[in-house]
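Notes follow once the structure below has been shown.
Number of protein chains: 4
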Amino acid sequence: MTPDATEADIQRVIATVESIGLKAHPMPGANRTAIGITGNTGAVDPEPFVELPGVFECVRVTKPYKLVGRDLKHDKTIIKIDDAEIGGAEPAIIAGVCAVESHEQTMLTAQVVAEAGCKWFRGGAFKPRTSPYAFQGLHEEGLKILAEVRDTYGLKIVTEAIDEPALDLCEKYADVIQIGTRNMQNFSLLKRAGQARKPILLKRGMSSTLEEFLLAAEYVMAEGNYQVILCERGVRSFGNHSRFTPDLAVIPAAQKLSHLPIILDPSHSTGTRETVIPMSRAGIAVGADGLLVDVHPYPERALCDGPQALLFDMFRQMVGEVRAIAAIVHGVRS
Amino acid sequence: MTPDATEADIQRVIATVESIGLKAHPMPGANRTAIGITGNTGAVDPEPFVELPGVFECVRVTKPYKLVGRDLKHDKTIIKIDDAEIGGAEPAIIAGVCAVESHEQTMLTAQVVAEAGCKWFRGGAFKPRTSPYAFQGLHEEGLKILAEVRDTYGLKIVTEAIDEPALDLCEKYADVIQIGTRNMQNFSLLKRAGQARKPILLKRGMSSTLEEFLLAAEYVMAEGNYQVILCERGVRSFGNHSRFTPDLAVIPAAQKLSHLPIILDPSHSTGTRETVIPMSRAGIAVGADGLLVDVHPYPERALCDGPQALLFDMFRQMVGEVRAIAAIVHGVRS
Amino acid sequence: MTPDATEADIQRVIATVESIGLKAHPMPGANRTAIGITGNTGAVDPEPFVELPGVFECVRVTKPYKLVGRDLKHDKTIIKIDDAEIGGAEPAIIAGVCAVESHEQTMLTAQVVAEAGCKWFRGGAFKPRTSPYAFQGLHEEGLKILAEVRDTYGLKIVTEAIDEPALDLCEKYADVIQIGTRNMQNFSLLKRAGQARKPILLKRGMSSTLEEFLLAAEYVMAEGNYQVILCERGVRSFGNHSRFTPDLAVIPAAQKLSHLPIILDPSHSTGTRETVIPMSRAGIAVGADGLLVDVHPYPERALCDGPQALLFDMFRQMVGEVRAIAAIVHGVRS
Amino acid sequence: MTPDATEADIQRVIATVESIGLKAHPMPGANRTAIGITGNTGAVDPEPFVELPGVFECVRVTKPYKLVGRDLKHDKTIIKIDDAEIGGAEPAIIAGVCAVESHEQTMLTAQVVAEAGCKWFRGGAFKPRTSPYAFQGLHEEGLKILAEVRDTYGLKIVTEAIDEPALDLCEKYADVIQIGTRNMQNFSLLKRAGQARKPILLKRGMSSTLEEFLLAAEYVMAEGNYQVILCERGVRSFGNHSRFTPDLAVIPAAQKLSHLPIILDPSHSTGTRETVIPMSRAGIAVGADGLLVDVHPYPERALCDGPQALLFDMFRQMVGEVRAIAAIVHGVRS
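Protein chains in written order, with the working numbering: chain A, 662 to 995; chain B, 662 to 995; chain C, 662 to 995; chain D, 662 to 995.
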C-alpha cells in the first residue's frame, strides 16, 4: 500500500482478496502497510488489485516463504509491548531463570534483571527435557510466579509452551510465548501459536537450515499472528568445546531475507557460564536484536542447566558491555 | 524374574513396587519377564523384592534410560501382530506410499506390496511438511483408505501421527503408529504415544544422538507402552550427494544397548530412488530388523517425496535382494 | 575413440592435442580408449579432432572435474596387478595391520590374510598421528617387512605415503600408494602421486564433499596417473556412537559420477571392532568395490588403533560373509 | 622458573634436561620463563630439577598437548615484530589480498591497509585450490611483490606455504608463515614449520576439534618454534547461508586452554562480503586477538574468492568499528 493509504483502502484490498477465496495478511510497517496473500495454488492475477485506491504495487513472491520475507514487507518488524521493544534501536535483553524452580529463586533473579534496566524476563514453567525422569517444571504454579514478576517489577514475561494445553495457559499468563528448538517443526503447535494473540519467540531447530527456520515462522504467520521473534540457539556440530555451536552468521543472513527481529541465546548455545559473556558481546556485535540469557542466584543448585547460568555480578557486567557494543553497532546500522 | 516365575509371582512383584509408590513395567521376553521400576528419585532398596518368589535378581540400571536398555531386559523385543513380526528372523519390509494421495494410488501400491510377500504397509494421512503451503495429507479420509488396504490385502498398517488428535485417529484405524523425525523430542506426543495400546514406530531425530534417541523411546515406555520400534532415517550432515546421511553405524550400536528392534528408512535418508536399493541392501546387511520404504505407481506425479519412491519393478528387485542378504546375516546372527 | 581405433590412431590424436599446447590423457577402457584433454583455458575447438581416423566423438565436459568423470570415460576403471583386481567382479579385500609394528605381528597377519584367499595387504610404515608424541611408524624398516610379505605370500602391498620423501620410498617398495584422509587436499602430495607409476588409493577427507573428493582424484590424474582407487573412511558428524560416520550413500553416488573404483574402510570409519563386520557387510551390500580393513594378532597391544582391529577369527568370518553378499550384489549389477 | 631466575639458571636446567636425553623448550613469558620437556615416554622424575637454582616448580602436564597449554606457561604469548603485535592489547588486523594477482592490485590494497593504521599485510603467493585447473598463485614472483609491500609501507607480511619448498621461500621473503586449513594435519609440513625461525599462523582444519587443533600447534612447538598464532576460519556444517560456520565459541575455549593468541578469519568463514563486517565485529567482541581479512580493489575481477573481499570503504568502516569494540573488550579483559 502507499504510505498514505487509508484504513478503508486497506480493508477494501482485504475484502477483495477474501472475495476470491484467498487469505489476506495485513502487516503495518514504519511507513506503509504490506498485505500478504496466501491460499493460492498458482500465481494470483494482480488485475483486481492493481487499480484499487492506495495500492502501491503488486509483488509476486517466488520464495517458498511469503509473509516472513523482505519481498513482501521491507520495513523491519518491531515487537512492542508498552515501552519494551524487540527489534528497535536498543538491544532487548530477555534475562531470567531457565526453569522457575521456586518463588524465591525467581523473584531474586527478577529483581536483579529489573535493576539492570532490562524490560523482559524469561522463565520456564514447562520444560522439555531429554529424559522423562528429569524435572519438567512447575507448570501453572510457575506461570503464577511469573505473573507476579510482571506485577512486581513491570517486566514482560517470556515463557515456553511445549504443547497446546501449555500454550493455552501461557497465553493467559505471559506476554510472549516461546516455541523451543525441539518443537520448531511441531507444525500443529506452530499453527496453534499462529492463532495466539501474543508474540511468539521461535527458537531455531538445532539442525535446521535458515529456510526451514523461516518456513517455521511462516507457519505461525500464515495463521494470522505476525508478531514473531526468531532466536538462534546454536547448531549441532562435531565440536565438544561448547554444547552447541552458536551460528552467528545466521543472524545477518536472516535479517537480509526477513523483516522479523532475531535474537541470540548465548546460554543454551554454549552451555558454559564463562563463555556466555563473550558470546553475548559477539551476538550484539554481529547485529542481533537482543539476547535470551539464563541467570541464577545459586546455579550450583539449579534443577536445569545450572552450568550455563550467569551469576548476578556476571549478568550486570554483561549488560554493561553489550549496551556499549550496541551503541557502536547501532551507530553503524542507522 | 526366573524363567519359571508364575503370573502370580509377577503380580506380587508389581504390587510390591506399587505399594512403595513406584511404577512397575513388566516386559515379557523369550525366556523370562523383566520388571522395570520407575518413579524413584534415588536408588531403590532391593530388600523388599529380593526374596519374593520368582525373583531372579535385582539389577540397578545406572544408564539414563532404564526400560529401553539391555541391562533390564536382555532378550530382544519382537513386535508381533498375527503372523507379522518386526525384530524376528525375517526382515520386516514396511513398504507403501509416502502420502496417501488417492484410493487408486494406494490400492495399486498395496497390491504390489502384498504380492511381494510383505506383511506391512506404510502410508501417511497426516504429513508434517516444511512449508505450510504444501500438501498436508488426506487425514481421516486417508486413514479409511489404509483400513481398506488391511481389509483387502491383510497388510498391517503403519501410519504417522503428528499430534494428539491425529494419534487418536491413527490408534483407531492403524496397527502401528509412527512418530516422525521432527517430533522425536515432542515429549507431549511421546507421552500420549506411551498411553496408546498399539506399537510405536519412532524415527530418530535428524540430529539426535543415540542417547537422545533411546531416551525418546524411554518416554513412550515410561508411560507403559513397551512396543517400540526404532527407525534410523538419516542424519543431517554437510554432504549434498544425498538428502541426509544414512547412519548405518547406529544400528549395531542401538542393538547393543537396547532390546528394541531397529529398522532403516532408505527412502527419506537418501532422497533418490536409485540409491534406495543399494541402501536397502546395506541396511539389512548391517543387521537392521527391517526397512521402511516408499513405493509409488507414478512417482513423477507424487504430491510428496516422489524422487525417492521406488517404481514397482525396483521394489520387487529390492525385496528379492534383501531377503537373500538377510539369509546370510541371519545365518550369522543366530 | 572407436572400439577398433588402432594404437596409431590414438597416438595421432595425442600428437594433435599436444601440437596445440594441451595435454592428452589416454585412458583405455574395456571396449574403447578415451582421451582426455586438459590445459585449455576455454572451450577446445573440436574441429582438428573430429575427422581424425578412429575418433568416435568429441565430448565437452562441463563438470569441474574432467578425467575422473563418466562423461569422458564411461567404462569402469579396473586396477589390476597380476591376478589381483580392484573394481572387478570380486570384492577386493585389502586387509592387514594398521601400523607395521614388528616383523612377527606383520607376518602372522599376512599369513591369515593370504590363507583367507585375499590378494591385497595393507600396512602402514609412515603413520600420520594427531599427537607429535605418538608412534609414527617404522619407516623404511617397515616397508622392507611389507616387501617380505609380498615375497612370502604373493600379496600386493598397499601403504601410505605422508609426504614426498615417503612417497619416493613407498613407490620403491609397495604396489599401491595410499594418500590418507588428512592429506586429501595436500595438493603438492597429490601432484607427486600423479607422477608415480603405481596406483593411488585416495582416502576421502573427513569432511570433504563428493565434488572435492573427485577433484582431489583429478589432481592425481591431471599429472598422468589414471590408476586411482577412491576410499570412503567415514565423515565427521555429531554422533558419538562411532568414531566417524561411515557415509555409505557416497558409494553409489561416486560410482554414478566417476569410472573410478571405490572401496570402504570399515575400521577407521567406525573405530570399534564389533561394528567392523556388520559395516563390512553393508559396504559390500551397497556396492563398494572392496574393503580396507585392519586385523591384528593381539590388538590389545597394538601401537595404533587397536580397538578397531579384527581378531583373526573375526576376519575369517567377515571374509566369508562379504563374499556371499558380493555374489548377490554382483548378480544384481552385472 | 622463578621471576628472578638468571639466564645461567635457565641454561643449567636445559643442560640437565638434555643430559638425560630429553628435549628442553624454554619459553619466556611476561614475568617468568617456562621450560617444557618433551621426548619422555613416561613420567619424568622431578628430582634432578627441583633443587636447581631458579626453579620455581615442576608441573606434570597430563593433557595430550604439553607446550601449547596454560599448565606449562600461564602468561599469554605475544607475537611481536618491531612494533607490530599479535596477542597484545590492540587487535591485530591482518588485511590484504587473498591471492597476489598483480603488482598493482597488491600495492593499491597495501596502501589502504597501511593508511588505516594496520601493521600486517596478508597475500597469497601459493594458493591451495580445490581444482587442479584453478589459478594457483604467482609463487616467487608474488613473494617479491609482498616484500615490496613491506619495503614501501612497513607492513609485516603474512603468506601461506603449501609445502616444504614453498615454506623455504616464504621463510626468505615473509614475516609470518601461514599453514592453511587443508594442511592443518599435514604433519610433515608442521614439523618443517617448527624448524622455521619465523612465526607460524596456523589455521584450524575445517572439521578439526579443539584438541586436534592444539595438537597441530604442538607439532610446530615440539620442533622448537614457539611463535604460533591460532586462526579460526569456520567449520563445515549443514548450513548453506554461509560458506562455513564461523565457530566463535572456540576462541574463548582456546584461550582458556592455551597461551597462544587466536585470531578470526571472517572472510573465508562466511564467504560473503556483506557478512564480513558484522562477523569481524563479533570476532573482536568474543575476544579474538585479531582478524585475517580479505580486501580487493576490484573484487569482481578477483582470481580467487572475490565475493568475500571487502571493498576499500567497507574495510575502513570495519577497522573503525572493531577498534571501538576492542576498546570495550579490552577494558573488560585487563
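Yeah, the Cβ is synthetic: ideal placement off N, Cα and C, and Gly gets one too.
query	result
Exposed unless 16 or more other CB atoms sit within 10 angstroms - verdict on C:D966	buried
First and last residue of the uninterrupted alpha helix (DSSP H) at D:M831	Sequence check: residue 831 of chain D is Cys here, not Met. E825 to Y834 is the extent of the alpha helix (DSSP H) around D:C831.
Cβ distance (whole Å) where A:G748 is taken to contact A:K727 below 8 angstroms	About 20 angstroms separates the two Cβ atoms, so there is no contact after all.
Cβ-Cβ distance between C:Q969 and C:R942 below 9 angstroms	no
Neighbouring residues, chain A, relative to C:R897 (Cβ below 7 angstroms)	F899
CB contact flag (C:R673, C:L733, <9 angstroms)	no
Cβ-based neighbour list, B:T842, same chain, cut-off 6 angstroms, excluding 5 preceding and 5 following	K864, G866, M867 and R894
Contacts around C:I742, its chain only, beta-carbon distance under 7 angstroms, and the 5 residues preceding and following it disregarded	K817 and D836
Three or more C-beta pairs below 8 angstroms linking the stretch 947-956 of chain A and the stretch 913-929 of chain D	no
N-terminal and C-terminal residue of the alpha helix (DSSP H) that A:T931 is part of	P927 to T931
Under 8 angstroms by beta carbon: chain B residues contacting A:L918	What A:L918 touches in chain B: nothing, since even the nearest Cβ is about 15 angstroms away.
Cutoff 9 angstroms: C:Y1059 Cβ touching any chain D Cβ	Given that chain C is displayed from residue 662 to residue 995, the structure contains no residue 1059 of chain C and the question cannot be resolved.
Proximity test, Cβ basis, 9 angstroms: B:S995 and chain D	The pLDDT assigned to B:S995 is 48, lower than 50, so where the model puts this residue is not dependable, and the model offers no usable value.
Members of the stretch 875-892 of chain C near chain D, C-beta cut-off 7 angstroms	L876, E879, Y880 and A883
Cross-chain neighbours of B:I740 in chain A, by beta carbon under 7 angstroms	The premise fails here: B:I740 is roughly 21 angstroms from chain A at the closest Cβ pair, so nothing lies under 7 angstroms.
Unbroken alpha helix (DSSP H) run spanning D:Q888, endpoints	Where D:Q888 is concerned, there is no enclosing alpha helix (DSSP H), given that its DSSP letter is neither H nor E.
Per-residue contacts from A:M867 into chain B (C-beta, under 7 angstroms)	S868
CB of B:P725 within 9 angstroms of CB of B:E872, strictly	yes
CB contact flag (A:R783, A:L972, <9 angstroms)	no
Alpha carbon of B:E679 to alpha carbon of B:R721, nearest angstrom	18 angstroms
Partner residues on chain F for A:H902, Cβ-Cβ distance less than 7 angstroms	Looking for chain F here will not work: the only protein chains present are A, B, C and D.
Test: A:L850 CB closer than 9 angstroms to a CB of chain B	yes
A:G730 CB to nearest heavy atom of the ligand MN below 8 angstroms	The ligand content of the structure shown is nil, which means the ligand MN is not present either.
Assigned secondary structure, B:L862 (DSSP; H/G/I helix, E/B strand, else coil)	strand
9 angstroms Cβ cutoff, C:R790 in contact with chain D	yes
Cβ-based burial, C:E982 [other Cβ within 10 Å; buried from 16]	buried
Beta bridge counterpart(s) of C:M688 as assigned by DSSP	C:A695
Chain D contact for C:Q839 (CB, 9 angstroms cutoff)	no
Opposing strand residues paired with A:A745 [DSSP bridges]	A:I742
Sub-9 angstroms separation of D:P860 and D:I840 beta-carbons	no
Alpha-carbon spacing of B:S995 relative to D:S928, whole angstroms	Confidence in B:S995 is poor, its pLDDT being 48 and thus under 50, which makes the residue's placement too unreliable to answer from.
Cut-off 6 angstroms between Cβ atoms - residues of its own chain near C:V761, not counting five sequence neighbours on either side	T767, G784, A786, L799, G803 and I806
Helix, strand or coil at A:E668 [DSSP, three-state]	helix
9 angstroms Cβ cut-off: residues of chain A touching D:I986	R942, A946, A985, I986, I989 and V990
Close beta carbons around D:P913, own chain, < 7 angstroms, minus the five adjacent residues each side	V947 and G948
Spatial distance of B:S849 from A:L862 (CA atoms)	20 angstroms
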